[in-house]
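In our numbering, the protein residues as written are 197 to 744. This report concerns only the one structure given below.
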Ligand code: FBP
């Protein structure tokens with residue numbers, strides 16, 4: 197591998213561990229029994245072997261040497277900065293317990309377990325990937341581990357390799373499946389432990405015991421850097437409005453965190469749009485008002501942050517998409533015969549009056565995306581909708597109408613951006629490098645302690661790393677029952693932005709001022725070496741949530 201100068205220097209970084217883990221001698225202290233966040237009876241019935249287990253905290257204890265153990269690791273779902281450090285922390289942890297221990301990585305996600313596609317991760321390989329971004333050490337994938345046939349197939353290779361425990365590094369769905377797998381192996385008495393680690397840049401796997409998912413810190417800092425740069429450009433040329441869509445499939449944590457870091461003129465928060473039952477026109481009007489107010493002061497420029505999942509949070513758009521899905525599924529043959537140039541009118545004629553009006557108001561390109569780009573199940577691929585263009589085109593139309601009425605006097609020219617993939621594999625910030633290494637190391641301690649169905653947890657994360665608290669949380673504790681594909685299923689509750697939470701309140705208290713004033717913040721690139729206030733800050737979200 198050809199390495200950059202930063203990569204070479206960064207390889208020598210020794211991630212920080214919580215004091216209790218750094219001593220190398222650890223004891224597990226069990227807390228009180230736990231219960232699920234909701235639907236206790238239903239979850240208990242589904243997880244008889246892994247429900248109600250206690251919280252675990254690791255404290256300094258006696259040094260122990262355990263028999264060598266073989267451990268398997270899987271990276272599941274979208275990439276998030278720091279995954280390699282979870283693996284290196286896990287590797288160092290099991291080697292510390294016994295140098296003969298072995299780590300196997302399953303290739304390209306959960307599919308690697310089912311297909312028996314694996315490699316041993318030796319010290320040489322691990323050293324190549326310490327403190328680097330990406331999941332390329334073994335690759336990741338989105339195969340869902342959910343059927344008994346997959347569990348049994350996986351068990352075949354687990355037996356063959358003598359694996360004692362499997363560590364699944366993933367988001368809410370992957371950790372839900374990790375828990376189902378833990379329960380299955382426990383019920384079958386296969387003697388295989390399953391431990392989860394909280395990953396996703398989206399930041400929506402968090403609760404009282406999991407303060408943040410890894411990768412959120414680095415991804416947001418990467419986006420904030422480039423948004424800051426755009427804002428400086430924007431404030432220099434003073435002629436463009438930049439519409440910037442930010443990744444985050446569902447929750448708006450990334451957009452909100454970036455807003456707190458860069459102080460844009462507008463940031464849409466999907467959860468607020470849903471709560472206030474806003475229509476697409478309401479969202480467009482709210483942006484157009486800011487554009488018009490700034491124009492009245494001679495400022496024909498600005499920035500608008502848009503969360504990727506917005507469209508699905510607008511109740512009226514949700515209804516339109518649902519009707520389109522049903523209509524096109526039932527009339528696929530007839531629709532395919534309609535000439536391209538007539539398809540829009542055809543759809544407008546066929547939809548119910550409410551949805552027809554919304555569809556007719558959409559710009560041509562977006563209307564086409566809604567009818568043409570469909571996933572293998574025939575559903576609209578909402579993530580492909582260019583919301584940033586949709587909103588800017590609709591804002592332009594509204595401003596043109598206001599201009600005719602004498603309500604708007606400015607010039608409006610838009611630029612569009614989507615920031616997503618460039619943040620998912622950035623070299624982990626010091627926070628993510630330390631947090632991930634600690635999560636991996638903690639996972640090895642949970643394995644040593646015989647735990648299964650637990651998620652590795654590291655808390656008190658706004659304090660210096662030495663004061664972090666490492667432990668384990670029973671995954672069933674985070675579960676509730678939700679309807680998925682028409683069936684009630686036990687799942688980890690997804691954490692959306694809370695409108696009564698400190699981060700949103702801090703944003704809401706300042707956004708009107710940010711809208712009219714030009715008070716941009718330019719965070720600059722992530723710094724890996726230098727003063728701690730520059731290099732080691734947690735996200736604003738975490739700082740506000742943890743503020744006592
Ligand atoms: P995970 O929840 O698996 O971590 O993935 C999150 C994410 O990065 C979303 O923000 C984004 O919508 C999605 O993955 C993109 O997925 P893909 O990599 O398959 O294009």
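All C-beta atoms, glycine included, are put in the ideal place defined by N, C-alpha and C.
- Between residue 486 and residue 461, the beta carbon gap of about 6 Å places them in contact (Cβ cut-off 8 Å).
- Contact between residue 401 and residue 390 does not hold, since the beta-carbon distance rounds to 17 Å and is not under 8 Å.
- The C-beta distance from residue 524 to residue 455 rounds to 36 Å, too long to meet the 8 Å contact threshold.
- Shortest Cα-Cα distance from residue 494 to any of 417, 577, 606 and 441 involves 606.
- Between residue 403 and residue 689, the C-beta gap is smaller than 9 Å, which places the two residues in contact.
- Closest in alpha carbon position to residue 300, among 363, 277, 341 and 255, is 363.
- Counting of Cβ neighbours within 10 angstroms places residue 361 among the buried residues, the total reaching 16 or more.
- Under the criterion of beta carbons closer than 8 Å, residue 619 and residue 418 qualify as touching, at roughly 4 Å.
- Short of 6 Å from the beta carbon of residue 284, and not among the five residues preceding or following it, lie these beta carbons of its own chain, in chain order: 322 and 326.
- Within the segment 276-352, complete beta strand (DSSP E) segments of at least 3 residues are found at 298-302 and 314-316, given in chain order.
- Scanning its chain for C-beta atoms nearer than 6 Å, with the 5 sequence neighbours on each side dropped, one finds around residue 420 the residues 454, 457, 458 and 719, in chain order.
- Under the three-pair Cβ rule at 8 Å, the segment 582-601 does not count as touching the segment 253-265.
- In this structure, the ligand FBP has no non-hydrogen atom nearer than 8 Å to the beta-carbon of residue 680.
- Per DSSP, reduced to three states, the secondary structure at residue 248 is coil, with no helix or strand assignment.
- Checking the DSSP bridge columns, you'll see residue 266 partnered with 298 and 359.
- Between residue 395 and residue 271, the C-beta gap is smaller than 9 Å, which places the two residues in contact.
- Following the DSSP letters along the chain, one finds residue 585 inside the alpha helix (DSSP H) bounded by residues 583-600.
- In the DSSP annotation of this structure, residue 664 is not part of any beta strand (DSSP E), being labelled neither H nor E.
- If you look at residue 611, you'll find it in the beta strand (DSSP E) that goes 610-615.
- Unbroken alpha helix (DSSP H) stretches of 4 residues or longer found wholly inside the segment 454-493: 466-471 and 476-492, given in chain order.
- Of the other Cβ atoms in all chains shown, fewer than 16 fall within 10 Å of the Cβ of residue 204; this residue is therefore exposed.
- In its chain, beyond the 5 residues on either side, 234, 235, 238, 239, 684, 685, 686 and 687 have a beta carbon closer than 8 Å to the beta carbon of residue 677.
- In this structure, the CA atom of residue 522 is about 11 Å from the CA atom of residue 515.
- At least one heavy atom of the ligand FBP sits closer than 8 Å to the Cβ of residue 338.
- Annotation: residue 649 to residue 503 spans about 33 Å, alpha carbon to alpha carbon.
- Judged by the Cβ position, residue 372 fails to qualify as a neighbour of the ligand FBP at the 8 Å threshold, every heavy atom of the ligand being at least this far.
- Across the structure, residue 482 and residue 708 are spaced so that their CA atoms are roughly 11 Å apart.
- Apart from the 5 residues on each side of it in sequence, residue 594 sits with its Cβ closer than 7 Å to the Cβ of 480, 481 and 484 in its chain, given in chain order.
- Taken in chain order, the whole alpha helix (DSSP H) runs of length 4 or more contained in the segment 656-737 are 698-712 and 728-731.
- Judged by DSSP in its simplified three-state form, residue 258 adopts coil rather than helix or strand.
- 290 is the residue among 290, 281, 220 and 257 whose C-alpha sits nearest the C-alpha of residue 266.
- Per DSSP, the unbroken alpha helix (DSSP H) holding residue 627 starts and ends at 626-644.
- Residue 513 sits close to residue 476, with the two beta carbons spaced by under 9 Å.
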